[in-house]
Amino acid sequence: MTIRLLTCAVLMLATISALDFGAVPARADTAGPAPKAKGPANFAGFFSPFPFEGGEAIYKGVCQGCHMPDAKGAVGAGAYPALAKDENLETAAYPVSIVLKGQKAMPFFAMQLDDQQIADVVNYVRSHFGNKYRDKVKPADVKALR
Amino acid sequence: MTDQPLAPSRRSLLSMIGVVAGSAAMYHAMTEMALADTSTFKEPIKLSPPPPGTSVLVLGAGIAGMVAAMELRDAGYKVTVLEYNGRPGGRNWSLYGGDTYTELGGFTQKVQFDAGQYINPGPWRLPYHHQGILHYVNRLGVALEPFTQVNYNAYVHSTDAFDGKPQRYRTVQADFYGQIAELLSKTTKQGALDQAVTKQDREILLTALKEWGALDASHQYATGLEAGERRGYATDPGGGLNSVPIAGKRIEMSDLLQSGLWSAIGAGLAYDMQSSIFQPKGGMGQVGKAFGKALEPLIQYNCKVVEIKQGDKGVEVSYTDSRTGGTPKTMSADWCVCTIPASVLSQIPMNVGGPMKTAINQIPYMAALKVGLQMKRRFWEQDEQIYGGVSYTNQPNTMIGYPQWDFFSKGKGVLLGSYCFGTPAYIAAAKPPEERIKDALEYGSKIHPQYKDEFECGVAVAWHRVPWTLGCAGFWTEEARAQHYDNLCAVDGRIVLAGEHASRIPAWQEGAVTSALDAITRLHKKAMSV
Numbered sequence: 203m204t205i206r207l208l209t210c211a212v213l214m215l216a217t218i219s220a221l222d223f224g225a226v227p228a229r230a231d232t233a234g235p236a237p238k239a240k241g242p243a244n245f246a247g248f249f250s251p252f253p254f255e256g257g258e259a260i261y262k263g264v265c266q267g268c269h270m271p272d273a274k275g276a277v278g279a280g281a282y283p284a285l286a287k288d289e290n291l292e293t294a295a296y297p298v299s300i301v302l303k304g305q306k307a308m309p310f311f312a313m314q315l316d317d318q319q320i321a322d323v324v325n326y327v328r329s330h331f332g333n334k335y336r337d338k339v340k341p342a343d344v345k346a347l348r
Numbered sequence: 148m149t150d151q152p153l154a155p156s157r158r159s160l161l162s163m164i165g166v167v168a169g170s171a172a173m174y175h176a177m178t179e180m181a182l183a184d185t186s187t188f189k190e191p192i193k194l195s196p197p198p199p200g201t202s203v204l205v206l207g208a209g210i211a212g213m214v215a216a217m218e219l220r221d222a223g224y225k226v227t228v229l230e231y232n233g234r235p236g237g238r239n240w241s242l243y244g245g246d247t248y249t250e251l252g253g254f255t256q257k258v259q260f261d262a263g264q265y266i267n268p269g270p271w272r273l274p275y276h277h278q279g280i281l282h283y284v285n286r287l288g289v290a291l292e293p294f295t296q297v298n299y300n301a302y303v304h305s306t307d308a309f310d311g312k313p314q315r316y317r318t319v320q321a322d323f324y325g326q327i328a329e330l331l332s333k334t335t336k337q338g339a340l341d342q343a344v345t346k347q348d349r350e351i352l353l354t355a356l357k358e359w360g361a362l363d364a365s366h367q368y369a370t371g372l373e374a375g376e377r378r379g380y381a382t383d384p385g386g387g388l389n390s391v392p393i394a395g396k397r398i399e400m401s402d403l404l405q406s407g408l409w410s411a412i413g414a415g416l417a418y419d420m421q422s423s424i425f426q427p428k429g430g431m432g433q434v435g436k437a438f439g440k441a442l443e444p445l446i447q448y449n450c451k452v453v454e455i456k457q458g459d460k461g462v463e464v465s466y467t468d469s470r471t472g473g474t475p476k477t478m479s480a481d482w483c484v485c486t487i488p489a490s491v492l493s494q495i496p497m498n499v500g501g502p503m504k505t506a507i508n509q510i511p512y513m514a515a516l517k518v519g520l521q522m523k524r525r526f527w528e529q530d531e532q533i534y535g536g537v538s539y540t541n542q543p544n545t546m547i548g549y550p551q552w553d554f555f556s557k558g559k560g561v562l563l564g565s566y567c568f569g570t571p572a573y574i575a576a577a578k579p580p581e582e583r584i585k586d587a588l589e590y591g592s593k594i595h596p597q598y599k600d601e602f603e604c605g606v607a608v609a610w611h612r613v614p615w616t617l618g619c620a621g622f623w624t625e626e627a628r629a630q631h632y633d634n635l636c637a638v639d640g641r642i643v644l645a646g647e648h649a650s651r652i653p654a655w656q657e658g659a660v661t662s663a664l665d666a667i668t669r670l671h672k673k674a675m676s677v
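Protein sequence lines correspond, in order, to chains A and B.
One gets the working numbering by counting positions in the first sequence from 1 and adding 202 to each.
One gets the working numbering by counting positions in the second sequence from 1 and adding 147 to each.
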């Protein structure tokens, strides 16, 4: 991405965060993940951070909207893939990368989840819903993939 | 953030912000980028007659699919439309009392609204310059009525400002503009702008600021009655005795700045939000219904496309019954216009070339939530003199839309209790519908305490749970669009794609219309040349 576009993107973020106009707007020179939300006033924005901590809370607060509470996905005209008993989760970098960057219709979450949150939710999914992977993702691993 | 690869495209983001809020955010963003989405629609399309017997299979009976089907049929093509739902319209959709909606995950909502009440889960506005969709609305004879975007008597609200008390849009705007004019006048008089403005222009600027900000003779704002013409009065002027107006007290600039409410008074500045805006009488879904009726024999409902295969001579589409499944049937045609959302199409086997295939996989689908709340009486009109328009809040419901029909009715009304995108919409999609409604009631009652006494029933549509779109609209990143958009739109063999995702007016019906017209124009050219 060119610097010009980058600046635009950051400006856009600032502008969007102005949508949650109770919060102090982000500055164009602000870098890195936005600060954690304090309360409802701060999470009405387009890309404001998800106010959840811990893998289970993040899964239930965000991911289950599509992947469903049992992580078995859902089928309509198209489908949401199951994450339960999912062999694709064997390499932890794969789900981390998809949460960060999205895949096909799945949106990217790099702007709304910080490194800790992504590590937590990936660790949660990889150790629940019939998945029994023992190795853990660390926030630094997420950072490296951003 | 230098390695951040995922910034959304400026245009799509702007457009999306417009869809969300039409707030100052949009205005600031637009002036920053000097960009605005414009429709390419100039006049009704005229296709020459195709070679006799030429057939086209249209996939999807949303706006793009039905525009394509209607124009191709009129040109003389043999047209068939396959549609996943049991109704025409796609995202052009209204929910009425008696309707049932089942989302992914299995929650079924039976809409309990009274007769005449509805909510538009998808699009709800038709800006005057969206001449493409307006052309078809008029051609189909669907009646329009005005849609008010900016209601000066609606509220802007922050839980963190003015003890959480909602402020009138009118007052905040007048006081903000007025005090900016006052500041700028002072600065001009002090000579701080001498470098930037010529002496001659300075005098004009001072006059203009006085007019623009409703300042008094000494260039002060709201010290007397002048500002009342903008912000209103503590007591309005009237007739007869005791009719002297009494000025209200302005909100001081520092309080306004700290409140953040300056960010909520931009509605109506954005191109897509400027007057005039229209809505179909009886709900946006009337457009889809009218299209469906006009194309009646051509559309086959409840067809789930499972494969799209093209060869040298034509296209073969396999589909199952979307309700019962079973063995796929096939249908063939010479050409195919595919308007299936990229979210779904990316999962359907289709033998197109690498460039189109890659392009289809580049489009994430965004989160959006709409909640309709039926109230026993129209308290916003009766108690607060709010007739249509939108109130804005910093809470996750983002806005409250007031019904723009049946004004002054003594009956019920349905509020748009929540319309949010992004983070709050994802959070809502992860909850059951009744909790989304409960949340909307909680947030709304901070602005209208009447909510809790007057609420009767509601319906909540979280777009990531919608079985046939898996999200509200395609959302290109800037890089992906630069690299792949043309490949998405190009005719591949005998297949062309259309829809809002194949447009630069994402999430708007005008994008679907202009995309469809462009796609069939190019497909027609190819059909005429083989």
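We treat Cβ as the ideally placed atom computed from N, Cα and C, and that holds for glycine.
With distances taken between CB atoms, is the gap from Thr486/B to Ala211/B smaller than 7 Å? Against the second sequence, residue 486/B aligns to sequence position 339. Against the second sequence, residue 211/B aligns to sequence position 64. Going by C-beta atoms, Thr486/B is nearer than 7 Å to Ala211/B.
Might you give, ordered along the chain, the residues of its own chain that have their beta carbon closer than 7 Å to the beta carbon of Ala233/A, omitting 5 neighbours on each side? What you label residue 233/A is simply residue 31 of the first sequence in a count that begins at 1. Confidence at Ala233/A is low in this model, with a pLDDT of 33, below 50, so the placement of that residue should be treated as unreliable; the coordinate-derived value is given next. Same-chain partners within the cutoff: there are none.
Please return the same chain residues whose Cβ sits closer than 8 Å to the Cβ of Val344/B, not counting the five positions on each side in sequence. The residue you call residue 344/B lines up with position 197 of the second sequence. So the qualifying residues of the chain are Thr335 and Leu352.
Contact criterion: CB-CB distance below 7 Å. Does Leu182/B meet it with respect to chain A? Against the second sequence, residue 182/B aligns to sequence position 35. Unreliable placement is indicated for Leu182/B, whose pLDDT of 42 sits below 50; no coordinate value is reported for it.
With H, G and I counted as helix, E and B as strand and the rest as coil, what does DSSP make of Cys567/B? What you label residue 567/B is simply residue 420 of the second sequence in a count that begins at 1. Strand, per DSSP.
Range covered by the alpha helix (DSSP H) that runs through Glu582/B: One-based indexing of the second sequence puts residue 582/B at position 435. Element bounds for Glu582/B: Pro580 to Ser592.
Alpha carbon of Val214/B to alpha carbon of Ala666/B, nearest angstrom: The count along the second sequence starts at 1 and reaches residue 214/B at position 67. The count along the second sequence starts at 1 and reaches residue 666/B at position 519. Distance between the alpha carbons of Val214/B and Ala666/B: 11 Å.
Start and end of the alpha helix (DSSP H) containing Thr668/B? Counted from its first residue, the second sequence places residue 668/B at position 521. First-last of the alpha helix (DSSP H) with Thr668/B: Gln656 to Ser676.
Would you grab the beta carbon distance between Arg362/B and Glu329/B for me? Rounded to a whole angstrom, and I think it's under 8 Å. Your numbering for residue 362/B matches position 215 in the second sequence. Your numbering for residue 329/B matches position 182 in the second sequence. Reading off the sequence, residue 362/B comes out as Leu, not Arg. 6 Å between Cβ atoms; contact.
Using C-beta distances below 8 Å, list every residue in its chain close to Ala668/B, excluding the 5 sequence neighbours before and after it, in chain order. For this step, residue 668/B is matched to residue 521 along the second sequence. The question names Ala, but residue 668/B in the sequence shown is Thr. These residues qualify, in order along the chain: Ile192 and Leu194.
Looking at the structure shown, is Leu285/A part of a helix, part of a strand, or coil, going by DSSP? The sequence position of residue 285/A within the first sequence is 83, counting from 1. Residue state, collapsed to three classes: coil.
State yes or no: is the beta carbon of His269/A nearer than 7 Å to at least one beta carbon in chain B? To locate residue 269/A, count along the first sequence from 1; it is residue 67. Not closer than 7 Å to any Cβ of chain B, the Cβ of His269/A fails to qualify, so no.
By alpha-carbon positions, which one of Ala369/B, Glu589/B and Ala620/B ends up nearest to Gln326/B? Taking the second sequence and counting its residues from 1, the one referred to as residue 326/B is at position 179. Per the Cα distances, Ala369/B.
So is Leu347/A in contact with chain B if we call contact Cβ pairs under 7 Å? Within the first sequence, the letter at position 145 stands for residue 347/A. It does not: the Cβ of Leu347/A has no partner Cβ on chain B nearer than 7 Å.
Within chain A, the residues that Trp615/B reaches when beta carbons sit closer than 7 Å: Within the second sequence, residue 615/B is the residue found at index 468, counting from 1. Here the neighbours are Gly278 and Ala279.
Check the C-beta distance from Gly200/B over to Lys225/B and give it rounded, since I have them as a contact under 8 Å. Working through the second sequence from its first residue, we reach residue 200/B at position 53. Working through the second sequence from its first residue, we reach residue 225/B at position 78. Confirmed, Cβ separation roughly 7 Å.
CA-to-CA distance, Met513/B to Gly472/B, given in whole angstroms: Along the second sequence, one-based indexing puts residue 472/B at 325. Along the second sequence, one-based indexing puts residue 513/B at 366. Near 28 Å, if we compare the C-alpha coordinates of Met513/B and Gly472/B.
Using a beta-carbon distance below 7 Å, is Ala659/B in contact with chain A? For the purposes of this step, residue 659/B is identified with residue 512 of the second sequence, where counting begins at 1. By this cut-off, Ala659/B is not an interface position.
Flag this pair as touching only if the region 509–523 of chain B and the region 296–315 of chain A have three or more C-beta atom pairs under 8 Å; answer yes or no. Inter-segment contact for the region 509–523 of chain B and the region 296–315 of chain A is present: three or more beta-carbon pairs are separated by less than 8 Å.
Strictly under 7 Å for the Cβ-Cβ distance: is Tyr324/B near chain A by that measure? By 1-based counting over the second sequence, the position of residue 324/B is 177. False, the Cβ-Cβ gap to chain A never drops below 7 Å.
Rounded to a whole number of angstroms, what is the C-alpha to C-alpha distance between Val301/A and Val327/A? For the purposes of this step, residue 301/A is taken as the residue at position 99 of the first sequence. For the purposes of this step, residue 327/A is taken as the residue at position 125 of the first sequence. Cα-Cα distance, rounded: 12 Å.
Under the three-state reduction of DSSP, which class applies to Thr318/B: helix, strand or coil? Here residue 318/B refers to the residue found at position 171 when the second sequence is read from its first residue. In this structure, DSSP gives Thr318/B a helical state, which the three-state scheme calls helix.
Since Gln314/A meets chain B, which of its residues come closer than 9 Å, beta carbon to beta carbon? The count along the first sequence starts at 1 and reaches residue 314/A at position 112. The contacting residues are Gly569, Thr570 and Tyr573.
Below 8 Å on C-beta distance, what does Lys340/A contact in chain B? Locating residue 340/A in the first sequence gives position 138, counting from the first residue. Under the 8 Å cutoff, chain B gives no residues; its nearest Cβ is about 19 Å from Lys340/A.
Whose Cβ in chain B lies nearer than 7 Å to the Cβ of Gly304/A? The count along the first sequence starts at 1 and reaches residue 304/A at position 102. Within 7 Å Cβ-Cβ: Pro511.
Go ahead and pull the three-state DSSP assignment for Glu528/B. Residue 528/B sits at position 381 when you count from the first residue of the second sequence. Reduced to three states, the DSSP call for Glu528/B is helix.
Taking Asp349/A as the reference, give the member of Gln266/A, Phe254/A, Glu292/A and Lys287/A with the closest Cα. Residue 349/A lies beyond the stretch modelled for chain A, which goes from 203 to 348, so this question has no answer here.
How far does the alpha helix (DSSP H) with Trp482/B in it reach, from first residue to last? For this step, residue 482/B is matched to residue 335 along the second sequence. No alpha helix (DSSP H) holds Trp482/B; the beta strand (DSSP E) holding it covers Trp482 to Cys485.
Name, please, each residue of chain B whose Cβ falls closer than 8 Å to the Cβ of Pro309/A. As a working mapping, residue 309/A is identified with position 107 in the first sequence. Chain B residues near Pro309/A: Pro511, Tyr512, Met513, Ala514, Gly618 and Phe622.
In or out: Ala294/A buried (at least 16 other Cβ within 10 Å) or exposed? On the first sequence, position 92 is the one that residue 294/A refers to. Its Cβ being crowded by 16 or more others within 10 Å, Ala294/A is buried.
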